[in-house]
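To start, the structure under review is shown below, and the notes come after it.
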Amino acid sequence: MSEPPGAAVSLAEAPPAHHPAKPLTAQRVLPLRRPGRWIGTAVVLVLLAQIVHGLATNPFYQWDRFRYWFLRPTILDGLVITLEVAALSAVLGLLGGVLLALARLSGSPVLRAVSWLYTWLFRSVPLIVVLIFLYNFSALYKTLSLGVPFGPAFVSFDESRLATDMAVAVVGLSLNEAAYASEVVRGGILSVDQGQHEASAALGLPKSYQFTRIVLPQALRSITPNYVNQLIGLIKGTSLVFYVSLLDLFGSVQTMGSTYPGDIVPLLLVATVWYLILTSAVSVVQFYVERYFARGATRTLPPTPLQKARAGLGDLRARLREEAAA
Amino acid sequence: MTTASTLEASPAALEVHDVHKWYGTQRVLDGIDLTVRPGEVTVILGPSGSGKSTLLRVINHLEKPEIGHVSVNGELIGVRRHGRRLKELGERAILAQRSRIGFVFQNFNLFPHLTVLDNVAAAPVATGKLTRPAAQELARELLGRVGLGDKAGAYPRQLSGGQQQRVAIARALALRPGIILFDEPTSALDPELVGEVLAVIKDLATSGTTLVIVTHEIGFAREVADRVVFVDGGRIVEQGPPGQVLDAPRHERTRDFLSKVL
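In order, the protein sequences belong to chains A and B.
Mapping of the first sequence onto the working numbering: residues 618 to 943, in sequence order.
Mapping of the second sequence onto the working numbering: residues 305 to 566, in sequence order.
Structure follows, in structure tokens:
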């Protein structure tokens, strides 16, 4: 591109005088210059700087109030509720999803139909409708909500309003989550090569061993990214529990916002930053979980960020040394 | 090989009795009868689509025959006698029977998420035959036997096709099966890797293990087989010692097939 036309000729000729020792092939190939890329990068950097400048200096955001609210006990209490609801629903939803997926893949037409019907129902009804439905349901029949077949955690809950609201939120989210998780799990199981089922059967491995040790670990490789997607949706979905009078992160922000209307923007920023932190934490965990399940699937595991940084540093050092030598 | 007197005393290692198998209207197996003596090495030849692989898969009940039955070392496979009829066995019982029949696949089907050692040691532990340390010791011994003692910690995808197939053979051996079935064990391999796998199978053949091998390697069949069975159109066209079937086939179809593959 920008090289003079003579450059091509020098390839065939003797190396230039100031590199007498090194033959042409032993030298690093000069990378191609890409001016378009540099211009694009500059434009994006200017735009980014403008956004950051606006965020930092616009009084509309009231960063001092943000600092005031960020670690307030009310906000942190809400955060704890968000975490509790999300964690319980994630575990129960996944368990339900695995059972539904197994039912869907089973030989029994009844199990298959029931699983399909469940998924159809809970994917069709909006989560907020499920939650408010359950909320009214539990208000009318306090004892009945004990009978919902989801884990031992609810058998022992007391009569207090908080516990009931919590149960309603977790049950509602779990019911919804299980429907989506079942499809994620089913997709993962279907992605495992048929030969793996045949080999397990030919070796006479017990059915439960076939599933837990052979099929599921391989399915988890494709389940993980999809389920994390679900999980992030779930974390944000917990903000709906505010409508069944549970004060989660969003609920606390909303309540504080109506008490201090002038602070609504910084409060919303507090919620945004906390949700960002939660999602980032999940993404970091996802990277390592995926790396774990990639064992054997790839010849070499992808490097961790730390390994990448170390390799990059080593590369840079080698290049600098080479240039210093030249 | 066995003499006539021991033949009558011990049950056949494998008995296939009038097996029919069809998918919809397509007949895949059309009345197969086959008896294999203990320690015998049987090679099944035939054009693709002739039903060879289906026959092997019927033997360890990966496929159910529509008519007929199979027994291995005198034990009916996948069914039991119920008065004058045959009744299907439960899944657990079938799995237990399969653990006594080795099966080696064309595509190896190793478990990619387990190390080579765990691939071999998994089945004896899972089926309750050995403790974990004992199974690992056996696995190391078997890996040594197939020439892969140094690969115990590797994952299958880090190995060549020939090495993977040798691991698969070690995995089948770990259950100490009375009979081993090979479904085209070298068909997925690069030509230069075929030899190493055939050498391992040959070693098994000379050690007196009962083997049934579906293959296209005619030279190998001539070398190790006690008997060659030629299958076409879901039927056994002819069978006999390799010298007879391969060098002086009596049937036109056998001659035709051999002229194409040799």
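By construction, the Cβ of each residue, glycine as well, lies at the ideal position given by its N, Cα and C atoms.
Which residues DSSP lists as bridging residue i, in chain order
i              : result
I517 (chain B) : B:V347 and B:F486
L751 (chain A) : According to DSSP, L751 (chain A) bridges with nothing at all.
Y735 (chain A) : The partner list for Y735 (chain A) (beta bridge, DSSP) is empty, contrary to what the question assumes.
K325 (chain B) : B:L333
I405 (chain B) : B:I483
Simplified DSSP assignment, three categories, for residue i
i              : result
D880 (chain A) : helix
Q811 (chain A) : helix
E370 (chain B) : coil
H670 (chain A) : helix
Y905 (chain A) : helix
R444 (chain B) : helix
I336 (chain B) : strand
D865 (chain A) : coil
S375 (chain B) : strand
V533 (chain B) : strand
T829 (chain A) : helix
K853 (chain A) : helix
R938 (chain A) : helix
R689 (chain A) : coil
V541 (chain B) : strand
K433 (chain B) : coil
Y459 (chain B) : coil
I381 (chain B) : coil
T872 (chain A) : helix
Q410 (chain B) : coil
R912 (chain A) : strand
L390 (chain B) : strand
Q679 (chain A) : coil
L359 (chain B) : helix
V660 (chain A) : helix
L709 (chain A) : helix
V320 (chain B) : strand
F415 (chain B) : coil
F774 (chain A) : For F774 (chain A), the predicted structure reports a pLDDT of 46, less than 50, and the residue's modelled location is therefore unreliable. The matter cannot be settled from this model.
S900 (chain A) : helix
A525 (chain B) : helix
P553 (chain B) : coil
A492 (chain B) : coil
L933 (chain A) : helix
Beta-carbon gap between residue i and residue j smaller than 7 Å
i              : j              : result
A458 (chain B) : V424 (chain B) : no
L748 (chain A) : G789 (chain A) : yes
P416 (chain B) : A914 (chain A) : yes
L895 (chain A) : I852 (chain A) : yes
L393 (chain B) : R385 (chain B) : no
A720 (chain A) : L709 (chain A) : no
A525 (chain B) : P546 (chain B) : yes
D334 (chain B) : G538 (chain B) : yes
A784 (chain A) : V858 (chain A) : no
H321 (chain B) : I371 (chain B) : no
F293 (chain B) : Q469 (chain B) : In the structure displayed, chain B extends from 305 to 566; residue 293 (chain B) sits before or after that span and is not available.
P883 (chain A) : F683 (chain A) : yes
L647 (chain A) : A430 (chain B) : no
L318 (chain B) : V340 (chain B) : yes
V332 (chain B) : G355 (chain B) : yes
G382 (chain B) : I398 (chain B) : yes
Using 8 Å as the threshold, is the segment 838-848 of chain A in touch with the segment 445-459 of chain B, meaning 3 or more CB pairs across them? Counting C-beta pairs closer than 8 Å gives fewer than three between the segment 838-848 of chain A and the segment 445-459 of chain B, which falls short of the contact rule.
Give, in chain order, every residue of the segment 457-472 of chain B whose Cβ lies closer than 9 Å to some Cβ of chain A. Residues Y459, P460, R461, Q462 and A472.
Short of 8 Å Cβ to Cβ, which residues in the segment 898-918 of chain A face chain B? If you check each beta-carbon in the segment 898-918 of chain A against every beta-carbon of chain B, the ones closer than 8 Å belong to F910, R912, G913, A914, T915 and R916.
Closer than 8 Å is the cut-off here; do at least three beta carbon pairs connect the segment 491-505 of chain B with the segment 533-541 of chain B? These segments do not touch.
Can you list, in chain order, the residues of the segment 803-819 of chain A whose Cβ is nearer than 7 Å to any Cβ on chain B? Those would be G812, Q813, E815, A816, A818 and A819, in chain order.
Give me the subset of the segment 480-499 of chain B whose CB atoms are less than 8 Å from a CB atom of chain A, sorted by chain position. For the segment 480-499 of chain B, which is checked against every Cβ of chain A, not one residue is closer than 8 Å.
So does the segment 463-473 of chain B actually touch the segment 397-414 of chain B, counting three or more Cβ pairs closer than 8 Å? Segment contact: the segment 463-473 of chain B against the segment 397-414 of chain B, three or more CB-CB distances shorter than 8 Å; contact assigned.
Validate contact between the segment 785-801 of chain A and the segment 709-716 of chain A using beta carbons, cut 8 Å, 3 pairs: Taking a cut-off of 8 Å on C-beta distances, the segment 785-801 of chain A touches the segment 709-716 of chain A, as three or more cross pairs fall below it.
Which residues, in order along the segment 378-399 of chain B, keep a beta-carbon less than 7 Å from a beta-carbon of chain A? Contacts with chain A (Cβ-Cβ distance below 7 Å) from the segment 378-399 of chain B involve E395 and L399, listed in chain order.
What are the residues of the segment 435-446 of chain B that lie near chain A, defined by any Cβ-Cβ distance shorter than 8 Å? Taking 8 Å as the Cβ-Cβ cut-off against chain A, none of the residues of the segment 435-446 of chain B qualify.
Tell me, please, whether the segment 923-941 of chain A touches the segment 884-898 of chain A by the rule of three or more beta-carbon pairs shorter than 8 Å. With contact defined as three or more Cβ pairs closer than 8 Å, the segment 923-941 of chain A and the segment 884-898 of chain A are not in contact.
Near-chain D residues of the segment 410-426 of chain B - C-beta to any C-beta below 9 Å: No chain D is present in this structure, whose protein chains are A and B.
Segment contact flag, the segment 860-867 of chain A with the segment 696-706 of chain A, C-beta cutoff 8 Å, min 3 pairs: With a cut-off of 8 Å, the segment 696-706 of chain A and the segment 860-867 of chain A count as touching, because enough Cβ pairs lie within range.
May I ask you to verify whether the segment 809-827 of chain A touches the segment 726-741 of chain A, counting CB pairs closer than 8 Å and requiring at least 3? Output reads no: the segment 726-741 of chain A does not touch the segment 809-827 of chain A.
Determine which residues of the segment 653-671 of chain A have a Cβ less than 9 Å from any Cβ of chain B, and write them out in chain order. Listed in sequence order: no entries.
Along the segment 840-851 of chain A, what residues have a CB closer than 9 Å to any CB found in chain B? The segment 840-851 of chain A vs chain B, Cβ under 9 Å: nothing.
Would you call the segment 343-352 of chain B and the segment 506-522 of chain B in contact, with 3 or more CB pairs under 8 Å? Yes, they touch.
What residues in the segment 687-707 of chain A have a beta carbon less than 8 Å from any beta carbon of chain B? So nothing in the stretch comes that close.
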